[in-house]
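Numbering (UniProt numbering), first residue to last: 1 to 382.
Glycine included, every Cβ here is placed at the ideal spot set by N, Cα and C.
Quick notes on the structure that follows.
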């Protein structure tokens, strides 16, 4: 009886072992089948690396200044009797702007003119009498000196009266005024600002190493935060003949037209000096490049090779495409394009979207889906 039970238990154990062994063998076979089954290609978007003329640019920053700009103020003190301008008004050169109380100076001028008239009469009589020797040469000289003195007094009072009024020194736009009628102004009081906005200066600094690249008349592109994406053309008009000893930079000035008055003095400007002699360089879309701390890279579309060196083809007779990762040397970036100094040849196709799923040698398929770049574009780390 005991022997029979032992045989039954041994049979059960053998049955369990056979069942487990079969399941394991089936699992291993299924896994092998899974590995051996080819994976579907990864859809990517591509673009061609092209060789084109690339004009090098020297980027820098600066600030805008008016072609002419002054803070209006008077040389003498007095009380404001007339204001002949409004804030923000456009004025012409010589246009009256402000008048101070000048009653005292006007009265003194009238007295001086009367004295001048009398001196002219006395000198005229003396001129007639000196020929007949009716007066002495000394008396004639005295009359001549008195006439010159009275003329000088009239000129002096005319100059004093001129200082009591203000005229526009040049055509431009007046800023916000700081005085009103009846205000007593001390000498040098600021009245308003006057700026000629027809043209502007853009002052900026460049390193001393860049001096050989600069020349008078060289074109400059200027941008400001107030008008993003818009460039204002200008040209270098002056280069300072001295390098700053503290920064080793040199001051450069560009001039640009401002017919619409969009730009204002004091604006912060981003500038690009266009360097001469554009050279041909390979460029690719910026979305094709993966930026990392250990180097920049991209994926180039290649063809898979068999062991004998021939190109492998799929069931449709088309070459099997793979992604080849290359480390590259990049240059300037501009308008969504990057200049490639090393690593890519003209005409090669580079992956512009879908890189996040790729690895070197991955099987890929070129997709015509326009939204692929928005969905699968890789993160960028500068």
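Given this structure, state the Cα-to-Cα distance separating residue 111 from residue 117, to the nearest angstrom.
10 Å
Distance between residue 259 and residue 106 (C-alpha atoms, nearest Å)
43 Å
Between residue 426 and residue 65, which are expected to be in contact by the criterion C-beta below 8 Å, what is the C-beta distance as a whole number of angstroms?
Nothing about residue 426 can be read from this structure; the chain reaches only from 1 to 382.
Could you tell me how far apart the beta carbons of residue 400 and residue 352 are, in whole angstroms, since I believe they sit closer than 8 Å?
Because the chain in this structure spans residues 1 to 382, residue 400 falls outside the shown range and cannot be described.
Three-state secondary structure (DSSP) of residue 42:
strand
Residue range of the beta strand (DSSP E) that residue 270 falls in?
268–274
For the structure I just gave you, are there three or more beta carbon pairs, one from the segment 59–79 and one from the segment 185–192, closer than 8 Å?
yes
If distances are taken between C-alpha atoms only, which option among 297, 305, 267, 131 comes closest to residue 61?
267
Just curious, the beta strand (DSSP E) that residue 201 is in, first and last residue?
190–207
Just to confirm before moving on: does the CB-CB distance between residue 83 and residue 180 stay below 9 Å?
yes
Rounded to whole angstroms, what is the Cα-Cα separation between residue 320 and residue 211?
53 Å
How is residue 212 classed by DSSP in three states: helix, strand or coil?
helix
Status (buried if at least 16 other CB within 10 Å, exposed otherwise) for residue 246
exposed
C-alpha distance - residue 254 paired with residue 263, whole-angstrom precision:
14 Å
C-alpha distance - residue 139 paired with residue 149, whole-angstrom precision
15 Å
Please name the residue or residues paired with residue 279 in a DSSP beta bridge.
54
If I'm right that residue 58 touches residue 213 with Cβ under 8 Å, what's the distance once you round it to whole angstroms?
6 Å
What is the DSSP secondary structure of residue 247, reduced to helix, strand or coil?
coil
Can you look up residue 326 in the DSSP assignment and give me helix, strand or coil?
strand
Can you tell me the Cα-Cα spacing of residue 48 and residue 240, whole angstroms?
44 Å
As assigned by DSSP and simplified to three states, the class of residue 231:
coil
Could you tell me which residues DSSP pairs with residue 363 in its beta bridges?
322
For the beta strand (DSSP E) containing residue 287, name the first residue and the last one.
Here residue 287 belongs to no beta strand (DSSP E), and DSSP marks it neither H nor E.
Whose C-beta lies closer than 7 Å to the C-beta of residue 178 among residues of the same chain, with five residues either side of it excluded?
190, 191, 192
Among 252, 312, 56, 289, whose alpha-carbon lies nearest the alpha-carbon of residue 236?
252
Label residue 134 either buried or exposed according to how many other C-beta atoms from any shown protein chain fall within 10 Å of its C-beta, with 16 as the threshold for buried.
exposed
Option in 324, 336, 42 with minimal Cα separation from residue 343
324
How long is the line joining the alpha carbons of residue 386 and residue 282, rounded to whole angstroms?
Because the chain in this structure spans residues 1 to 382, residue 386 falls outside the shown range and cannot be described.
Residue(s) in a DSSP beta bridge with residue 84
In the DSSP output, where bridge partners are listed per residue, residue 84 has none listed.
Continuous alpha helix (DSSP H) stretch holding residue 338: start and end:
Careful: residue 338 lies outside any alpha helix (DSSP H), inside the beta strand (DSSP E) at 337–342.
Spatial distance of residue 234 from residue 306 (CA atoms):
58 Å
How would you write the range of the alpha helix (DSSP H) that residue 125 sits in, first residue to last?
103–131
With DSSP as the reference, please indicate the residues paired to residue 71 in a beta bridge.
193
What number of angstroms, rounded off, separates the C-alpha of residue 358 from the C-alpha of residue 42?
8 Å
If we call anything under 9 Å between Cβ atoms a contact, is residue 172 one with residue 91?
yes
Run of the beta strand (DSSP E) containing residue 221, from where it starts to where it stops:
219–224
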